[in-house]
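Please read the structure below before turning to the comments.
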Amino acid sequence: MTDLSSKDLTRPTSDKVVARFCPSPTGNPHVGMARTALFSWAFARHHGGDFVFRIEDTDASRDSEESYELLVDVMRWLKLDWDQGVEVGGPDGPYRQSERMDIYAEVARRLLDAGLAYKAYDTAEELEERREKARAEGRPSGYDGLHRDLTLEQQAAFEAEGRKPVIRFKMPKRDYSFTDLVRGEVKIPASDVQDFVILRANGHPLYTLTNPTDDALMGITHVLRGEDLLSSTPRQIALYEAFAQIGIGSGITPAFGHLPYVTGSGNKKLSKRDPESNLLGYREQGFLPEGLLNYLALLGWAISGDRDVFTLSEMVEAFDISDVQPNPARFDIKKCEAINGDHVRMLAADDFVERIVPFFEAEGLVSQPITDTERAVLVAAGPLVQERINLLSEAVPMLRFLFAREDFEIDEKDRAKNLDEKGIEVARAAREALAGLSEWTTESIETALRESLIEGLELKPRLAFGPVRVAVTGSRISPPLFESLELLGRDLSLARLDAVLA
RNA sequence: GGCCCCGUAGUGUAGCGGCCUAGCACGCUGCCCUCUCAAGGCGGUAACGCGGGUUCGAAUCCCGUCGGGGCUACCA
301 MTDLSSKDLT RPTSDKVVAR FCPSPTGNPH VGMARTALFS WAFARHHGGD FVFRIEDTDA
361 SRDSEESYEL LVDVMRWLKL DWDQGVEVGG PDGPYRQSER MDIYAEVARR LLDAGLAYKA
421 YDTAEELEER REKARAEGRP SGYDGLHRDL TLEQQAAFEA EGRKPVIRFK MPKRDYSFTD
481 LVRGEVKIPA SDVQDFVILR ANGHPLYTLT NPTDDALMGI THVLRGEDLL SSTPRQIALY
541 EAFAQIGIGS GITPAFGHLP YVTGSGNKKL SKRDPESNLL GYREQGFLPE GLLNYLALLG
601 WAISGDRDVF TLSEMVEAFD ISDVQPNPAR FDIKKCEAIN GDHVRMLAAD DFVERIVPFF
661 EAEGLVSQPI TDTERAVLVA AGPLVQERIN LLSEAVPMLR FLFAREDFEI DEKDRAKNLD
721 EKGIEVARAA REALAGLSEW TTESIETALR ESLIEGLELK PRLAFGPVRV AVTGSRISPP
781 LFESLELLGR DLSLARLDAV LA
């Protein structure tokens, strides 16, 4: 550990807005996290400020490295870029708390030296017993401050017993109030403030210390975080005041904004384990980052009363944290998909193709990487499916028939329904009409089929084209038929009709 | 138990004392368009948790109540 005892930990004040996102790398990144990141990012961008991406991994476990990478991956996928932080660096790094342990130790030491924190020797059992009693008597159940004013002799006595102290911060006993950016005035009465642990007995710093320390050292001006942290805000405020006294950070206290929860169905908080909360899962399902972010923004914020589809830059332009709703929102996958569909339709045709390519590669329908000929098929077919899907992955079943060869299969249910005796008769007529075509275009195919089936067999369009569609595309649901036939090509189209006739 | 936060249709929101016979979107649903599925167009369904105040007037302000959530760790 580096000795920082003589290091200057102050920093100049600045008018620039600095917001941050500082997740703890545990489990899979979830949607509530993404929304917090989005709001904080949009806030920073709207005000032309900096966005800091820090990782709070003091509690590092085995899988935190993997989680860390997932987090970075997700942020990049969402295109929530950061000016300072992990991977990109910055003036106040490092940005992973596990690499900043010497700083926390030093800050704790200075707090202790200044008499703003103290050693407490209570055992877990003693604490528990007093907590129970307090609760039974209707008093607040936090730390009662028993060891706040221990004399050196008393401390020595505890040490002699072999007890190791935790370091507790000495909360000034007063009412705390602050103006929450999304909730307005919040007041916490003095009766509910207790001294909290900043350093464990084993010397490890806790979140209660590391988070405010880093915010102070990184010049964070606006703290946007989950509402679960609302009642611990007095701690941060008091700690900031202490920092100002002993020259840590810029001496100013940041503004706080507590974002409401995103809940799942029912009223439970969307947990990290919840499959519907798994962010990477959304990417795999074919959500667009633009679409997901747009939907997430709608959970607590509205760009106006009569519009809910917008781009990220429109959001940045219009975003005002005071417009954010304080009440929790339920995540509705149906609406999320609908919004995503709107964004799918907003994509430029060539962009759309680029976005669906990975799904075809992953399914093994095209080479990996895709060849130019295969890409050309998607370029031609793209416009046919772009307006019919909400999720990118839905393009795969719809266009599978264009890439299938020996493995081409017809959905059995659809076959039974459309290719009965009558349907096969229709397919035969279609085959005959198509075989004689001199040119293979959407127009000529349509003309031939209409003449032969609608006029010739006097069928309703629905009954005429259904069997052909199923025979050729393998499904009752497909892109427009004539275009599909043209794209598939004469030989394959006729072969597929032959196959159902055999 | 104590403290804090929240409460408009099934869901997300608009609404900041009169423009509200409460708007928009998703969902559900009827019709139109149509070669399937979509997309698109036109309709329908459905809400201010409850009770008191304040006011000429309240979804909007105040109080209470009920309901939901959070915190109350040597987790974050």
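Quick note: to get the numbering used here, add 300 to the position in the first sequence (first position is 1). Using N, Cα and C, we set each Cβ at its ideal position, and we do this for glycine too.
Are Val486 and Val624 closer than 7 Å when you measure CB to CB? Taking 7 Å as the cut-off, the Cβ atoms of Val486 and Val624 do not count as close.
Is Ala420 helix, strand or coil when you go by DSSP? If DSSP states are grouped into helix, strand and coil, Ala420 belongs with the strands.
Enumerate in chain order the residues of its own chain whose CB-to-CB distance from Asp642 is below 6 Å, with the five nearest sequence positions on each side excluded. Around Asp642: Val609.
Buried or exposed by the 16-neighbour rule on C-beta atoms within 10 Å, applied to Pro560: By the 10 Å Cβ count, Pro560 comes out buried.
Measure the CB-CB distance between Val463 and Tyr421 and report whether it falls below 7 Å. Position check: residue 463 holds Arg in this sequence, whereas Val was assumed. Closer than 7 Å, so yes.
Would you tell me roughly how many angstroms separate the C-alpha atoms of Val352 and Pro325, rounded to the nearest one? The alpha-carbon of Val352 is positioned some 16 Å away from that of Pro325.
Spatially closest choice to Gln384 from Arg335, Arg320 and Asp373, by CA coordinates: The shortest C-alpha separation from Gln384 is found at Arg320.
The ligand NAP and Val562: does the residue's C-beta get closer than 6 Å to at least one heavy atom of that ligand? Only the bare structure without any ligand can be found here, which leaves the ligand NAP out of the picture.
Measure the CB-CB distance between Val407 and Tyr395 and report whether it falls below 7 Å. The Cβ atoms of Val407 and Tyr395 lie no closer than 7 Å to each other.
Taking the straight line between their C-alpha atoms, what separation do you get for Gly600 and Val374? Their backbone Cα atoms lie some 21 Å apart in a straight line.
On the three-state DSSP scale, how would you describe Ser604? Here Ser604 sits in strand by DSSP.
Ignoring anything shorter than 4 residues, give me the alpha helix (DSSP H) runs that lie fully in the segment 360-415, in order along the chain. If we require 4 residues or more, the alpha helix (DSSP H) runs fully inside the segment 360-415 come out as 364-378 and 401-413.
Whole runs of the beta strand (DSSP E) within the segment 461-494, excluding any shorter than 3 residues: Taking only runs of at least 3 residues, the beta strand (DSSP E) segments lying wholly in the segment 461-494 are 466-469, 476-480 and 484-488.
Jot down the residue ranges of each uninterrupted alpha helix (DSSP H) in the segment 764-800, minimum 4 residues, whole runs only, in chain order. You should have 781-788.
What span of residues does the beta strand (DSSP E) with Val609 cover, start to end? From DSSP, Val609 is part of no beta strand (DSSP E); its letter is neither H nor E.
Chain-order list of residues whose beta-carbon lies under 6 Å from that of Arg573 (same chain, five-residue window excluded): For Arg573, the pLDDT reaches just 49, beneath the cut-off of 50, and the residue's location in the model is therefore unreliable, although a value from the coordinates is still provided. Counting only Cβ-Cβ distances below 6 Å, and skipping sequence neighbours, we find nothing.
My assumption, with CB atoms under 8 Å, is that Leu517 sits in contact with Gly549. Please give the rounded CB distance. Contact flag correct, Cβ pair sits at about 6 Å.
To which residues does DSSP link His558 through a beta bridge? Paired residue(s): Arg525.
Short of 6 Å in beta carbon distance, which residues of its chain neighbour Tyr547, apart from the five on each side in sequence? Order them along the chain. Looking at the sequence shown, residue 547 is not Tyr but Gly. When the five nearest sequence neighbours on each side are left out, the beta carbons in the same chain lying within less than 6 Å of the beta carbon of Gly547 are those of Thr310, in order along the chain.
When Asp303, Ser738 and Phe765 are compared against Arg790, the one with the closest alpha-carbon: Closest by alpha carbon: Ser738.
Given that a residue counts as buried once 16 or more other Cβ atoms are within 10 Å of its Cβ, and exposed if not, what is Phe782? The residue in question, Phe782, is buried, as its Cβ has 16 or more Cβ neighbours within 10 Å.
With 16 other CB atoms within 10 Å as the buried threshold, where does Gly519 fall? Here Gly519 is buried. Its C-beta has 16 or more other C-beta atoms within 10 Å.
Applying the 10 Å Cβ sphere with the 16-neighbour rule, what's the burial state of Gln668? Looking at its Cβ environment, which holds fewer than 16 other Cβ atoms inside 10 Å, Gln668 is exposed.
Taking all protein chains shown into account, do 16 or more other C-beta atoms lie within 10 angstroms of the C-beta of Thr533, making it buried, or fewer, making it exposed? Under this definition Thr533 is a buried residue.
Rounded C-alpha distance that separates Tyr507 from Ile639: A straight line joining the alpha-carbon of Tyr507 with that of Ile639 spans about 37 Å.
Residues that DSSP places opposite Gly586 in a beta bridge: In the DSSP assignment, no residue is bridged to Gly586.
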